[in-house]
Every structure is written in structure tokens, then in C-alpha cells.
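Q: I am attaching a structure below and will ask some questions about it afterwards.
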Amino acid sequence: MRIGELARAIGTKAETIRYYEREGILPAADRTDSNYRDYSDEHLATLTFVRRARELGFSMAQVRELLAVSDHDDKPCQDVDQLVQQQLAEVERKIVDLTALRNELGQMLRSCQADKIGECHIIGSLGRHAVA
Numbered sequence: 001m002r003i004g005e006l007a008r009a010i011g012t013k014a015e016t017i018r019y020y021e022r023e024g025i026l027p028a029a030d031r032t033d034s035n036y037r038d039y040s041d042e043h044l045a046t047l048t049f050v051r052r053a054r055e056l057g058f059s060m061a062q063v064r065e066l067l068a069v070s071d072h073d074d075k076p077c078q079d080v081d082q083l084v085q086q087q088l089a090e091v092e093r094k095i096v097d098l099t100a101l102r103n104e105l106g107q108m109l110r111s112c113q114a115d116k117i118g119e120c121h122i123i124g125s126l127g128r129h130a131v132a
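The numbers in the numbering used here rise by one with no breaks, and the one at position 46 of the sequence shown is 46.
Shown next as C-alpha cells:
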């Protein structure tokens with residue numbers, strides 16, 4: 001399949017696919033007689049893997065690691081488990097941060113019952129005091 005077909009199948013842009021090729025994440029595609037890239041089902045599988053790993057928040061370096069171990073069916077899973085544990089810890093940290101942010105924003109809304117910006121506690125809590 002050509003790059004446009006592959007991009008549509010994955011839901012990404014052709015430039016992203018070219019980037020993955022340049023970075024060695026995706027093996028270079030064969031070329032047709034007219035010099036178009038000709039992608040295989042293996043390319044589709046690799047891109048699906050990369051996209052899902054990225055959706056789960058893995059960095060490109062981690063995606064490289066995951067791709068490297070994915071071709072070795074006989075190796076133990078401990079390296080993959082460790083990567084997932086690290087990512088889970090990062091997600092949990094972000095949840096804590098987002099929960100604190102949600103609470104702060106809720107408190108800001110509850111603290112302001114003003115009708116005018118000059119009396120608005122939200123503006124005041126952001127550090128900008130309106131001139132009356």
C-alpha cells in the first residue's frame with residue numbers, strides 16, 4: 001500500500017510515517033518501479049503498535065525499547081513489565097496533579113460570587129487585582 005493509504009489506515013499523517021522511517025522506528029518501505037513507497041501489512045502492524053504505545057504515554061525512547069523486545073518471543077517479560085510500571089507511576093503522578101488542579105479550580109469558582117470583575121476573587125487569586 002502507498003503512504004496515503006497507510007496513513008489513513010492508521011489515522012495519522014504521511015509526514016509522521018516518514019518521520020518514523022527517518023528515525024528508524026519503521027523499516028524503510030520497498031519502492032515500486034515508479035519510486036513510490038510500498039508498505040506491507042508488517043508496516044501497518046508496526047505503526048499500530050507505535051500509535052497504541054504513544055496513546056498510552058510511552059516516550060519514543062520507550063517505544064523503541066518495546067519494539068526491540070517485541071521481536072524476541074522467548075525472552076522474559078521483566079523489561080516490559082518495568083517499562084509499564086514506570087509509565088503507570090507517571091500516570092498516577094499526573095492524576096494526583098490533575099486532581100489538585102481540579103480542586104483548586106473548583107475552590108476558585110466557589111469563592112467568587114461577584115457580579116463585577118473589580119470584585120472577582122478568581123481574578124484576584126490569579127494575582128491580578130482589577131483597578132476599581
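We treat Cβ as the ideally placed atom computed from N, Cα and C, and that holds for glycine.
Being a predicted model, the structure only gives us computed values, none of them experimental.
1. Go ahead and label isoleucine 17 buried or exposed: buried means 16 or more other beta carbons lie within 10 angstroms of its beta carbon, across all protein chains shown.
2. With DSSP as the reference, identify every bridge partner of arginine 37, one or two as the case may be.
3. Rounded to the nearest angstrom, what separates serine 70 and alanine 28 at their Cα positions?
4. Can you tell me where the alpha helix (DSSP H) holding glycine 95 begins and where it ends?
5. Which same chain residues, not among the five before or five after glutamine 62, have their C-beta less than 6 Å away from its C-beta?
6. Do you know whose CA, among Asn35, Asp33, Met108, Ser34, lies nearest serine 125's CA?
7. Please confirm if the region 106-120 is in contact with the region 89-98, defined as three or more CB-CB distances below 8 Å between the two stretches.
8. Can you name, in chain order, every residue of its own chain whose Cβ lies under 7 Å from the Cβ of methionine 1, other than the five neighbours on each side?
9. Report, in whole angstroms, the separation of the C-beta atoms of alanine 14 and glycine 4, which I expect to be a contact under 8 Å.
10. Cβ of leucine 66 within 7 Å of Cβ of alanine 45?
11. Along the chain, where does the alpha helix (DSSP H) containing leucine 67 start, and where does it finish?
12. Between glutamine 79 and the rest of its own chain, which residues show a CB-CB distance below 8 Å, the 5 nearest in sequence each way excluded?
A: On the basis of the data shown:
1. buried
2. Arg31
3. 18 Å
4. Before going on, a small fix: residue 95 reads as isoleucine here, not glycine. From DSSP, the alpha helix (DSSP H) with isoleucine 95 extends over 78-111.
5. Leu83
6. Met108
7. no
8. Tyr39
9. 6 Å
10. no
11. 60-70
12. One point to set straight first is that residue 79 is aspartate, not glutamine, in the sequence displayed. So the qualifying residues of the chain are Glu65, Val69.
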